[in-house]
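Below is one structure, written out as structure tokens; comments come after it.
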Amino acid sequence: MVPISYYLVLSAILFCLGVAGFLLKRNIITIFMSIELMLNAVNLSFVAFSAELHALSGNIFVFFVMVVAAAEAAVGLAIIIEVFRTRDTLNVDKVNLLKL
Amino acid sequence: MLHQILFFIFASVAVAAAINLLLQKHPINSALSLIVVMGALAVLYLLLGAEFVAAVQLIVYAGAIMVLFVFVIMLLNAGLEERTPGSAVATLIGVPGVAALVGLCVFVFARTRIRGAAGYSIGDFHVSTQDIGRLLFRDYLLPFEVTSVLVLIGIMGAVVLAKREDAGPTDRSPEITAEAPRPESQQPAERTHA
Chain A
836 MVPISYYLVL SAILFCLGVA GFLLKRNIIT IFMSIELMLN AVNLSFVAFS AELHALSGNI
896 FVFFVMVVAA AEAAVGLAII IEVFRTRDTL NVDKVNLLKL
Chain B
2 MLHQILFFIF ASVAVAAAIN LLLQKHPINS ALSLIVVMGA LAVLYLLLGA EFVAAVQLIV
62 YAGAIMVLFV FVIMLLNAGL EERTPGSAVA TLIGVPGVAA LVGLCVFVFA RTRIRGAAGY
122 SIGDFHVSTQ DIGRLLFRDY LLPFEVTSVL VLIGIMGAVV LAKREDAGPT DRSPEITAEA
182 PRPESQQPAE RTHA
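Heads up: the protein sequence lines correspond to chains A and B, in order. In terms of the numbering used here, the first sequence opens at residue 836 and continues consecutively. In terms of the numbering used here, the second sequence opens at residue 2 and continues consecutively.
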């Protein structure tokens, strides 16, 4: 038997590692993957609460989060491709102006 | 007991792969670490009785979304991460800040007690795909339809953003054709001058 707090602690650790990646990494693709890691951590806490409270809604919300993540990945990666075409770099420190 | 062993194995795999995501310099290694995290999380979803979510996690996340990431990394030929003066400052401030955040979250969540819930064992709660479908298409029908609109907009946004500029008539193409003959007209003038 595993208490729900274990799952929540794991979720918190994964979320904080995602925050760390977002803050520390300089590559825009890796930053994007850190956001996906944060979304996954939130999904884990949704499923853990769903199992603990015997409520199905948590699973439905995970489904919606996945749909939003898929749409976000498609649009975000298209933006990354466009940024790379115009700037020839993936380093976020060099992408600090909206104007070329 | 089995539940605890499986939980600790796959929780440590997930955390180790997430740390590896941070430590790797090349984006393709980070992407592969993220796939390991997603696989470990799928096993944890199975332990929590959410078999549909576990399958969708593997198919949509580890399959579709990560293929998109790996594809973009290969398309852009992304190399090793460059270090800049900004990254030193980010490390200096970010690492203690994130450590404090982890400590705070773990302190709060480790003390979480839910009324009338002692803990979760394998088989306590099982979410069948039938139940999910019934709930999704009856109680959550409107949000489901709204997400379909969201995905449609996402498709159109991705196509518009990733489309090449010279694929169709754009504002920039007349400028290029107008500017292109100019060097040719200047070159004969320079030759005669020389």
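Ideal Cβ positions, reconstructed from N, Cα and C, are used throughout, including at glycine. Since this is a predicted model, take the numbers as computed values, not measurements.
B/Ala51 - DSSP class collapsed to helix/strand/coil: The residue labelled residue 51 of chain B in the question sits at position 50 within the second sequence. When DSSP states are grouped into helix, strand and coil, B/Ala51 belongs to the strand group.
Looking at the C-beta of A/Arg861, does it have a partner C-beta in chain B at a distance below 8 Å? Along the first sequence, one-based indexing puts residue 861 of chain A at 26. Yes, A/Arg861 lies at the interface with chain B (some Cβ there is under 8 Å from its Cβ).
Excluding the 5 residues flanking A/Leu932 on each side, which residues of the same chain have their C-beta closer than 6 Å to its C-beta? Mapped onto the first sequence, residue 932 of chain A falls at position 97. Nothing listed; no residue qualifies.
Check whether chain A comes within 8 Å of B/Leu42, counting only Cβ atoms and requiring the distance to be less than that. Along the second sequence, read from residue 1 onward, the residue named residue 42 of chain B stands at position 41. So yes, B/Leu42 belongs to the interface.
Mapping DSSP to helix, strand and coil, what is A/Val897? By one-based count along the first sequence, residue 897 of chain A stands at place 62. Note: A/Val897 maps to helix in three-state DSSP.
Nearest neighbour of A/Val902, chosen from B/Pro144, B/Ser34 and B/Ile29 [CA to CA]: Residue mapping note: residue 902 of chain A aligns to position 67 of the first sequence, counting from 1. Among B/Pro144, B/Ser34 and B/Ile29, the Cα nearest to that of A/Val902 is on B/Pro144.
So, does the CB of B/Glu146 fall closer than 8 Å to a CB anywhere in chain A? Translated into positions along the second sequence, residue 146 of chain B becomes position 145. Proximity of B/Glu146 to chain A, defined by a Cβ-Cβ separation below 8 Å, is not satisfied.
Could you confirm whether any beta carbon from chain A is found closer than 8 Å to the beta carbon of B/Phe1? Outside the shown range of chain B (2 to 195) lies residue 1 of chain B, about which nothing can therefore be said.
So which residues of chain A does B/Leu93 contact, with C-beta pairs closer than 7 Å? Reading the second sequence from its first residue, position 92 is the one you call residue 93 of chain B. Taking a Cβ-Cβ threshold of 7 Å, none of the residues of chain A is close to B/Leu93; the smallest such distance is about 10 Å.
Any C-beta of chain A sitting closer than 8 Å to the C-beta of B/Leu142? The count along the second sequence starts at 1 and reaches residue 142 of chain B at position 141. Cβ-Cβ to chain A under 8 Å: no for B/Leu142.
Coarse secondary structure for B/Asn78, derived from DSSP in three states: Here residue 78 of chain B refers to the residue found at position 77 of the second sequence. Of the three classes helix, strand and coil, the one that applies to B/Asn78 here is coil, per DSSP.
Take every Cβ of the stretch 915–935 of chain A, pair it with every Cβ of the stretch 70–86 of chain B, and state whether three or more of those distances are shorter than 8 Å. Between the stretch 915–935 of chain A and the stretch 70–86 of chain B, the count of C-beta pairs closer than 8 Å reaches three or more; the two stretches touch.
Looking at the ligand FAD, does it come within less than 7 Å of A/Lys860, judged from the CB to the closest heavy atom? Here there are no bound small molecules, and the ligand FAD is not part of this structure.
Residue burial classification, B/Gln131 (beta-carbon count within 10 angstroms, cutoff 16): Start at 1 with the first residue of the second sequence, and residue 131 of chain B comes out as number 130. Using a 10 angstroms sphere on the CB of B/Gln131, the tally of other CB atoms stays under 16, which defines it as exposed.
Okay, do the stretch 902–912 of chain A and the stretch 61–73 of chain B touch, 3+ Cβ pairs below 8 Å being the bar? Counting C-beta pairs with one atom in each stretch, the stretch 902–912 of chain A and the stretch 61–73 of chain B have three or more that are closer than 8 Å, which means they touch.
Hey, how far is the Cα of B/Val147 from the Cα of A/Phe881? Position 146 of the second sequence holds residue 147 of chain B. Position 46 of the first sequence holds residue 881 of chain A. Taking the straight line from one Cα to the other gives about 21 Å.
Note down, in chain order, every chain A residue with its Cβ under 9 Å from the Cβ of B/Gly124. Working through the second sequence from its first residue, we reach residue 124 of chain B at position 123. Result: empty, since nearest Cβ-Cβ is about 11 Å, beyond 9 Å.
Length at least 4, wholly inside the stretch 848–905 of chain A: the alpha helix (DSSP H) runs in chain order: Along the length of the stretch 848–905 of chain A, whole alpha helix (DSSP H) runs at least 4 residues long occupy 863–888, reported in chain order.
Stretch pair the stretch 878–895 of chain A + the stretch 83–97 of chain B: three plus CB contacts closer than 8 Å: With the cut-off at 8 Å, the stretch 878–895 of chain A and the stretch 83–97 of chain B do not touch.
Determine the contact status of A/Val877 and A/Val900, defining contact as a CB-CB distance below 8 Å. Taking the first sequence and counting its residues from 1, one reaches residue 877 of chain A at position 42. Taking the first sequence and counting its residues from 1, one reaches residue 900 of chain A at position 65. Yes. Within cutoff.
Residues bridged to A/Asn926 (per DSSP): Here residue 926 of chain A refers to the residue found at position 91 of the first sequence. Answer by DSSP bridge pairing, in chain order: A/Asn862.
Cβ-Cβ distance between A/Thr854 and B/Leu102 below 8 Å: Taking the first sequence and counting its residues from 1, one reaches residue 854 of chain A at position 19. Taking the second sequence and counting its residues from 1, one reaches residue 102 of chain B at position 101. The question names Thr, but residue 854 of chain A is Val in the sequence shown. Going by C-beta atoms, A/Val854 is nearer than 8 Å to B/Leu102.
Just to make sure I have the definition right: I need the residues of chain A whose C-beta is within less than 7 Å of the C-beta of B/Met39. Which are they? Residue 39 of chain B sits at position 38 when you count from the first residue of the second sequence. Neighbours of B/Met39 on chain A, chain order: Asn875.
Pick from B/Met39, B/Ala15 and B/Glu83 that is closest to A/Leu859, judged by C-alpha positions: Within the first sequence, the letter at position 24 stands for residue 859 of chain A. Distances from the CA of A/Leu859 to each of B/Met39, B/Ala15 and B/Glu83 were compared; the closest alpha carbon is that of B/Glu83.
Using the C-alpha atoms, what's the distance from B/Ile20 back to B/Leu81? Here residue 81 of chain B corresponds to residue number 80 of the second sequence, with the count starting at 1. Here residue 20 of chain B corresponds to residue number 19 of the second sequence, with the count starting at 1. Computed Cα separation, rounded: 18 Å.
Go through the stretch 128–173 of chain B residue by residue and report every complete run of the alpha helix (DSSP H) that reaches 4 residues or more, in order. Runs found: 130–139 and 142–163.
So what's B/Thr193 in DSSP terms, helix, strand or just coil? For the purposes of this step, residue 193 of chain B is identified with residue 192 of the second sequence, where counting begins at 1. The predicted model places B/Thr193 with a pLDDT of 46, which falls under 50 and marks its position as unreliable, so this point remains unresolved.
Coil, strand or helix - B/Phe8 by DSSP: For the purposes of this step, residue 8 of chain B is taken as the residue at position 7 of the second sequence. B/Phe8: helix per DSSP, three-state reduction.
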